[in-house]
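With the first letter of the sequence shown counted as 1, position 103 gets the number 1394 in our numbering; the numbers rise by one all the way through.
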Amino acid sequence: MELNGKAVIITGASSGIGAATARHLAARGAKLALFARREAEMQSLAEAIRQDGGEALVVPGDVTRSADVQRLMRETLAAFGRLDALVNNAGMGGGLNLCDTRDDLLWRVLEVNVLGCALCAKYAMPHLPPGGVIVNIGSVAGEVATVGMYAASKFAARGFNDALRREVKGRGIRVVLVAPGFIRTEMTAGLRYRMPGPEIVARAIEQAIRSPRRKIVVPWWYRPLMYLGKIPLIADAILGNPKTQARYRDRDSVKKLSA
Ligand SMILES: NC(=O)c1ccc[n+]([C@@H]2O[C@H](COP(=O)([O-])OP(=O)(O)OC[C@H]3O[C@@H](n4cnc5c(N)ncnc54)[C@H](OP(=O)(O)O)[C@@H]3O)[C@@H](O)[C@H]2O)c1
1292 MELNGKAVII TGASSGIGAA TARHLAARGA KLALFARREA EMQSLAEAIR QDGGEALVVP
1352 GDVTRSADVQ RLMRETLAAF GRLDALVNNA GMGGGLNLCD TRDDLLWRVL EVNVLGCALC
1412 AKYAMPHLPP GGVIVNIGSV AGEVATVGMY AASKFAARGF NDALRREVKG RGIRVVLVAP
1472 GFIRTEMTAG LRYRMPGPEI VARAIEQAIR SPRRKIVVPW WYRPLMYLGK IPLIADAILG
1532 NPKTQARYRD RDSVKKLSA
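So, in structure tokens, the structure goes:
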């Protein structure tokens, strides 16, 4: 799909990958509807896009609230008269290990990372034309499990993506999974590894909309690692986090945490 003049919704547009994608697609002529909870961040992003000659609409809201998602669709159609692509990017981390994670966060990560994609796809669907595209942002953690509920949510997002692709192909709508490895954003602010910035994912999302395919893993070098990680012995040896394991060795502290 050519991007110039097309209307694209980006969820989770107030920071990180979503904000970088908004800047990237706007520079290529797309009209953008920016959706997330933090309105001020999206307003300054939209202002910067407009100053560069682009078009951007800000719709504050929560992906887990059906009424907010329906309002997003109404306001996008009222502003642009069309909807060509949806980027389901809003997401959150889910705690580093089960015992230290509050119960409400266990629910919330599933709601945001899975239900959020489903609600946005459901209400975008009637407005997408044949050739329209839905991009779901999964994760390498949705291919090879890393940390508990986050990985579970991204496995579920991948399952949702694949089932949706099969469900809507008769309408000519393309569904693409973009699975990033570690990317430098607010979500990974506490990690000290070297990692690329969010622009690399923005370029993959552009590619996903221009010439849809089943899945794009980004950066590319996670692809061989991902296949290695599907061999259980290798995955268990590499991905067992020593800090977490040390925590579980101390039985009393785990009892206290789960109480
Ligand atoms: N960074 C990585 O290493 C990495 C790797 C693989 C996959 N991903 C995925 O990439 C996506 C973007 O994450 P990021 O790295 O760019 O992190 P980020 O900077 O923390 O961005 C997360 C975005 O999601 C929005 N969001 C969270 N909860 C929301 C809700 N209930 N309703 C609406 N918007 C919500 C946030 O906006 P508000 O707080 O303003 O609502 C924010 O704009 C996520 O799906 C994440 O799982 C990231």
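Even glycine gets a Cβ: it sits at the ideal position worked out from N, Cα and C.
CA-to-CA distance, residue 1349 to residue 1400, given in whole angstroms: For the pair residue 1400 and residue 1349, the Cα-to-Cα distance works out to about 24 Å.
Please classify residue 1301 as buried or exposed, where buried requires at least 16 neighbouring CB atoms within 10 angstroms. Buried: at least 16 other Cβ atoms inside 10 Å.
Report the rounded CA-to-CA distance for residue 1380 versus residue 1413, giving the unit in angstroms. Near 15 Å, if we compare the C-alpha coordinates of residue 1413 and residue 1380.
Hey, residue 1557 and residue 1355: beta-carbon distance below 8 Å or not? Residue 1557 is absent from the structure shown; the chain starts at 1292 and stops at 1550.
What I want to know is whether the C-beta of residue 1477 ends up closer than 7 Å to one or more non-hydrogen atoms of ligand 1. Yes - ligand 1 has a heavy atom lying nearer than 7 Å to the Cβ of residue 1477.
In angstroms, rounded to a whole number, what distance separates the CA positions of residue 1541 and residue 1529? Roughly 22 Å between the two C-alpha positions.
Measuring CA to CA, which of 1487, 1499, 1440 is closest to residue 1466? Closest option to residue 1466, Cα to Cα, is 1499.
Does ligand 1 have a heavy atom nearer than 7 Å to the CB of residue 1353? Within the chosen limit of 7 Å, ligand 1 reaches the beta carbon of residue 1353 through at least one heavy atom.
Beta-ladder partner(s) of residue 1346, from DSSP: Residue 1346 is bridged to 1322.
Near residue 1397, which residues of its chain fall below 6 Å by C-beta distance, leaving aside the five closest residues on each side in sequence? These residues qualify, in order along the chain: 1440.
Does residue 1442 get closer than 8 Å to chain D when you measure Cβ to Cβ? Reference to chain D is not applicable here, since this structure consists of a single protein chain.
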